[in-house]
Each structure stands twice: as C-alpha cells, then as structure tokens.
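Enquirer:
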Amino acid sequence: MSLHLTVDLLSPAECPENIGLLVPVPPETGLQSLEKVTIAGAEVIDRHHAVSGHQEALLVLPRRGQPIVINYALKLGGKSPAGMFKGQKSYTALPDAVSERLQRLLNNTTSISERERLVITFAADNFSYGPRAEIPVAAQVLCGLASGNCVDINGFLISAMLQNNIPACYFAGYYFPDSDRSSSADGMHCWISTYLDGAQRHWDLPYSLKLGKPTLSPGLDHIGGHHVAMSTGMDLTFEVGGSAFQTHYLAQPLWLLPAGRVQTASVECHAQPFSTVRNDTIPKNEALSQIQNNL
C-alpha cells in the first residue's frame, strides 16, 4: 500500500530574508519508505545530512513569485531499520528527582522489555494531554500530574528510554485519521519507537491520552489512520554555507535565515491514495540525480 502526500507552503513569501528552505526527506521507519519526491516552485540545490543521526534534508531556493509544492510518494510498511536506533543517543537529562523515581521502579528488573513497560506506565500514570507545556513536563511531575502535548510527552519518553539504555527513536511528521476521502493536516505530530529483541515497537501514548484510552501495549492499531514521519531524531543540526542551523525536529519545511536563525514554514499537508499521484513526481533515484546536477 502506498500514500501520496502534497505539502503546500501557504505563504512562500513569509520570510523574504531567507537564504533557502530546508525540506525534510522522510526516513524509513518500519511503517514507511520513500518512493518518489519532487518539488515545484523551487530549485533543488543540495542534499544535507544532520550533523548526527540519520535525518536528511534538501536545500531548495524558491522561484520568485511561484507557490512551493512538495510531493512525496511513500510505500507503507516495510522492515524495521535497526541501524537507525544506534544513532539516536542525544537526549535531555531528566531532573534528578524524576530520574531517581524511575530508577526505583526499574531496579527490580533486568528485562529490557519490562523496563520499557515500566517507563510507559510511569508516563501514563503521571501525564495528561493538553496544550504545549510552558514548564517542562518532567519538572511538572515533581508537583503532581503533568500536562503537555505530543512534543512534551514524547520528549520525556525518549529521554527516559535512552537514559535507561532502552533503544528508542523519535519521529515527527503528520497523523492522518482513517477516511475514505483525502485527509489534510495543518500541524505536526510525533511519536516514538523502541527496538527490542530484534523487533521494532511503536508508541503514541500522547494520542492515546488525548483519546482518553491510554494503552500500555505497543502498536498503533488502536489509534488507526496513518502516522507519516518526515524526520527522525531530536535537536537536529544542519551545516549549510558555513553556518549551523538547529531545530528540535524537522516535521515541516524550515526557512533558513541569516545568523543561523530558522523559522518553521506555514504549510498544509494533504494525503491521498497512491493511485492519485500526479505524473510529474520523480522517482527517488532520479531526484538524487537532479540534486547532483544542480550542485
């Protein structure tokens, strides 16, 4: 099964001082792999890898006065990318008091699967879903029930997993509910995966909390729809033109500004069945050739 995504920039002129647009290259996640990509209204200049981790991006320059439209064709399903989990080591250290509470829970087990379950259970018991937190959710836990959105809760989870030697990945992109019609998203979503005993396990605890039915078993079937990742990893750094540009994630295209500043582009993303893919999309290997020709 395949899916076609069209990402429209709602205001191509929203950053007139930009020095380019960084467009995410969707990673292989075990739920998807990239088949085709093309960009209308911009010139592809180069392909960049994040300084650490596995995330890739295309640097493009907008064409004056033209709307920018990014088309992706993704194959859904696939093999778990075990190597990806070896590169995600960076995390934000949890407050000492929270780390100590977790450690007391984990001290009595040597099973990595049990440690994973206990971390998820701890988060389910201590967090509720709400708007983006002004205070880090890990700090909120010290005062009682914490509240935050998917970025807050999954940020805690990835830190708790990696801090306790549980291989885990952070994915950011879009979520599309099940529908017979094309669906759209105007905001990002994120989730995590773990890799235990040779198998990848997907977790979307924040959305489970939002639905009011948190599950402590891995998998996304209880949520339904499609989780489509645009980026993997946290606190990504890209070196472009001698400057370092940093972003927490790359779910949406990113305007690069002078002095290493960035601004997330305003977009709307539409998902359609693969049968509706336009003829002007170009296969992945042809896209790479086009990139090389523009260097």
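Per the numbering used here, residue 43 is the first one in the sequence shown, and the count goes up by one each step.
Glycine is no exception: its CB is placed at the ideal position from the N, C-alpha and C atoms.
Using a threshold of 8 Å, state whether the C-beta atoms of residue 202 and residue 271 are closer than that.
Expert: Stepping through the sequence shown from its first residue, residue 202 is reached at position 160. Stepping through the sequence shown from its first residue, residue 271 is reached at position 229. The answer is no: Cβ separation not under 8 Å.
Enquirer: Is residue 151 helix, strand or coil when you go by DSSP?
Expert: Position 109 of the sequence shown, counted from the first residue, corresponds to residue 151. Note: residue 151 maps to coil in three-state DSSP.
Enquirer: Going by C-alpha distance, which of 157, 165, 164 is nearest residue 206?
Expert: The count along the sequence shown starts at 1 and reaches residue 206 at position 164. The residue with the shortest Cα to Cα distance from residue 206 is 157.
Enquirer: Let me confirm a value: residue 163 is counted as buried when at least 16 other C-beta atoms fall within 10 Å, else exposed. Which label applies?
Expert: Your numbering for residue 163 matches position 121 in the sequence shown. So residue 163 ends up on the exposed side.
Enquirer: Mind reading off the beta-carbon distance from residue 309 to residue 138? Whole number of angstroms is fine, and I expect it under 8 Å.
Expert: Walking along the sequence shown from the start, residue 309 turns up at place 267. Walking along the sequence shown from the start, residue 138 turns up at place 96. Actually they are not in contact, since the Cβ atoms of residue 309 and residue 138 sit about 39 Å apart, beyond 8 Å.
Enquirer: Specify whether the stretch 278–296 and the stretch 57–77 touch according to this definition: at least 3 beta carbon pairs, one from each stretch, less than 8 Å apart.
Expert: Touching, yes.
Enquirer: Is the beta carbon of residue 183 closer than 8 Å to that of residue 168?
Expert: Counting from 1 along the sequence shown, the entry for residue 168 is found at position 126. Counting from 1 along the sequence shown, the entry for residue 183 is found at position 141. Cβ distance < 8 Å, so residue 168 and residue 183 count as in contact.
Enquirer: Considering residue 248, what are the terminal residues of the beta strand (DSSP E) in which it resides?
Expert: Counting from 1 along the sequence shown, the entry for residue 248 is found at position 206. First-last for residue 248: 247–253, but that is the alpha helix (DSSP H), not the beta strand (DSSP E).
Enquirer: Report the rounded CA-to-CA distance for residue 127 versus residue 189, giving the unit in angstroms.
Expert: Here residue 127 refers to the residue found at position 85 when the sequence shown is read from its first residue. Here residue 189 refers to the residue found at position 147 when the sequence shown is read from its first residue. Answer to the nearest angstrom: the Cα atoms are 28 Å apart.
Enquirer: Grouping DSSP H, G and I as helix and E and B as strand, with all else coil, what is residue 200?
Expert: On the sequence shown, position 158 is the one that residue 200 refers to. Here residue 200 sits in helix by DSSP.
Enquirer: Would you identify the three-state DSSP class for residue 205, choosing helix, strand or coil?
Expert: Numbered from its first residue, the sequence shown carries residue 205 at position 163. Residue 205: helix per DSSP, three-state reduction.
Enquirer: What are the residues that DSSP puts in a beta bridge with residue 111?
Expert: Stepping through the sequence shown from its first residue, residue 111 is reached at position 69. Answer is 50, 82, bridged to residue 111.
Enquirer: Looking at residue 73 and residue 67, is the spacing between their C-beta atoms short of 8 Å?
Expert: Stepping through the sequence shown from its first residue, residue 67 is reached at position 25. Stepping through the sequence shown from its first residue, residue 73 is reached at position 31. Contact flag unset, no.
Enquirer: Alpha carbon to alpha carbon, how far is residue 134 from residue 177?
Expert: The sequence position of residue 134 within the sequence shown is 92, counting from 1. The sequence position of residue 177 within the sequence shown is 135, counting from 1. In a straight line, the C-alpha of residue 134 is about 14 Å away from that of residue 177.
Enquirer: For residue 105, which residues of its own chain have a beta-carbon under 8 Å away from its beta-carbon, when the five flanking residues on both sides are left out?
Expert: The count along the sequence shown starts at 1 and reaches residue 105 at position 63. Excluding residues within five positions, the ones whose Cβ falls inside 8 Å are 83, 84, 85.
Enquirer: The alpha helix (DSSP H) that contains residue 181, what's its start and end?
Expert: For the purposes of this step, residue 181 is taken as residue 139 along the sequence shown, with counting starting at 1. Counting along the chain, the alpha helix (DSSP H) containing residue 181 begins and ends at 179–183.
Enquirer: Could you tell me if residue 78 is buried or exposed, where buried requires 16 or more neighbouring beta carbons within 10 angstroms of its beta carbon?
Expert: Taking the sequence shown and counting its residues from 1, the one referred to as residue 78 is at position 36. It counts as buried.
Enquirer: Should residue 98 be labelled buried (16 or more other beta-carbon atoms within 10 Å of its own) or exposed?
Expert: Numbered from its first residue, the sequence shown carries residue 98 at position 56. Buried: at least 16 other Cβ atoms inside 10 Å.
Enquirer: Are the CB atoms of residue 45 and residue 313 nearer to each other than 8 Å?
Expert: Taking the first residue of the sequence shown as position 1, residue 45 is located at position 3. Taking the first residue of the sequence shown as position 1, residue 313 is located at position 271. Result yes, Cβ atoms of residue 45 and residue 313 sit closer than 8 Å.
Enquirer: Between the alpha carbons of residue 261 and residue 110, how many angstroms are there, rounded?
Expert: As a position in the sequence shown, residue 261 is number 219, starting the count at 1. As a position in the sequence shown, residue 110 is number 68, starting the count at 1. Near 35 Å, if we compare the C-alpha coordinates of residue 110 and residue 261.
Enquirer: In the DSSP assignment, find the unbroken beta strand (DSSP E) run with residue 99 in it and report its ends.
Expert: Walking along the sequence shown from the start, residue 99 turns up at place 57. Note, residue 99: beta strand (DSSP E), 98–104.
Enquirer: Roughly how many whole angstroms lie between the Cα atoms of residue 70 and residue 269?
Expert: Within the sequence shown, numbered from 1, the residue matching residue 70 stands at position 28. Within the sequence shown, numbered from 1, the residue matching residue 269 stands at position 227. Going by the C-alpha atoms only, they are around 12 Å apart.
Enquirer: Note down, in chain order, each residue of its chain lying with its Cβ closer than 7 Å to the Cβ of residue 230, except the 5 sequence neighbours on either side.
Expert: For this step, residue 230 is matched to residue 188 along the sequence shown. Cβ within range, chain order: 214, 215, 216, 293, 294.
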